[in-house]
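Right, one structure below, let's go through it.
Residue numbers (this note's numbering): 346 to 656.
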């Protein structure tokens, strides 16, 4: 039986806000677009209670509200949603072959918007207690810790946002920041400082998570080697992000930080391949910049398909 590949003008890989923005823009520019989300669209933003800095949302917006809106817009514009995970990506002449769930797809241009994932702490107890007190989602698991103590590892924007969410449920929240002070935006720092339930322990890193059948305590260490044990029922790790760039490895140039190298038009070193959002080098790790990236990458991909020029 002759099984033909499904052909598209543009395939977007990644269902986060950058990918949804790219799919929306490309569809509005009258291209046949498929977006592969690898599950429920939204990515890491689905776990964020409040995203600030999005134009038109003065009081912020929850990630689980923003992403479904973007999904509806993209599908309404004509983008096809495929919830399969892409297994491989390869150039095929002047086009690209994308394989997912046993099926092959073809596109003239591909936008890689696979985002990033929360880096692991890499300490004893982290794997053992994942799902039993170790989490990356305060919105999901915060209510389970009502009246208890939670520790957040990482004092950047995400860590402070999650600490503020946890403070709505927990008796006490401790932010352990390896650096000398909180690292995120001033608005979040001020909110954390104004929240009496939150304690900031700067200059300390998590070295172990302890417990019997669930999290019971966290061991911290300062720069001088001094240790401090904090009793806690939950640990939320937000100690950094790592790019999901494995699909581009061996195909396009990667930056030293593992993200995909791009030019000002978000073109990679591989003809017809673009990158947007947290997976691409130079992105600001912000939802607003990811939205802009999606728009830019889609417009650049459409221009490339029109001209055939890659230089």
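Cβ coordinates follow ideal geometry from the N, Cα and C atoms, glycine included.
Other residues of its chain near residue i: CB distance less than 6 Å, five sequence neighbours each side excluded
i, result
"residue 511", "483, 487, 495 and 518"
"residue 667", "In the structure as shown, the chain starts at 346 and stops at 656, and residue 667 therefore has no counterpart that could be examined."
"residue 453", "354, 440 and 650"
"residue 600", "606 and 626"
Limits of the alpha helix (DSSP H) - the one that residue i falls within
i, result
"residue 391", "Note, residue 391: premise wrong, no alpha helix (DSSP H); not H, not E."
"residue 507", "502–511"
"residue 618", "Counting along the chain, residue 618 falls outside any alpha helix (DSSP H), though it belongs to the beta strand (DSSP E) covering 618–620."
Helix, strand or coil at residue i [DSSP, three-state]
i, result
"residue 521", "strand"
"residue 602", "coil"
"residue 420", "helix"
"residue 562", "strand"
"residue 538", "helix"
"residue 362", "helix"
"residue 347", "The pLDDT assigned to residue 347 is 40, lower than 50, so where the model puts this residue is not dependable, and the model offers no usable value."
"residue 636", "helix"
"residue 399", "coil"
"residue 596", "coil"
"residue 631", "coil"
Same chain, Cβ closer than 7 Å to residue i, neighbours up to 5 away in sequence not counted
i, result
"residue 346", "Since pLDDT at residue 346 reaches only 34, below the 50 mark, its modelled position is unreliable, and the value read off the structure follows with that caveat. For residue 346, where only same-chain residues beyond five positions count, there are no Cβ hits under 7 Å."
"residue 526", "547"
"residue 432", "444 and 445"
"residue 370", "639, 640, 643 and 644"
Whole-angstrom C-beta distance between residue j and residue i, which should lie under 8 Å
i, j, result
"residue 619", "residue 645", "6 Å"
"residue 459", "residue 590", "7 Å"
"residue 359", "residue 387", "With a Cβ gap of about 11 Å, residue 359 and residue 387 do not count as contacting."
"residue 520", "residue 508", "5 Å"
"residue 553", "residue 468", "5 Å"
"residue 368", "residue 357", "5 Å"
"residue 592", "residue 457", "6 Å"
"residue 562", "residue 584", "Not confirmed; about 18 Å, so no contact."
"residue 559", "residue 515", "Actually they do not touch by this definition, with Cβ atoms about 16 Å apart."
"residue 625", "residue 604", "6 Å"
"residue 481", "residue 497", "Incorrect: roughly 11 Å between the Cβ atoms, too far for contact."
Beta-bridge partners of residue i, as assigned by DSSP
i, result
"residue 441", "436 and 452"
"residue 475", "479"
"residue 581", "480 and 497"
"residue 514", "Bridge partners of residue 514: none, in fact."
"residue 567", "549"
"residue 427", "381"
"residue 625", "605"
Residue interval of the beta strand (DSSP E) (run including residue i)
i, result
"residue 354", "351–358"
"residue 380", "378–381"
"residue 573", "572–576"
"residue 461", "461–463"
Cut-off 8 Å between Cβ atoms - residues of its own chain near residue i, not counting five sequence neighbours on either side
i, result
"residue 536", "505 and 509"
Any non-hydrogen atom of the ligand NAD within 7 Å of residue i CB
i, result
"residue 607", "Absent from the structure shown: the ligand NAD. Ligands present: none."
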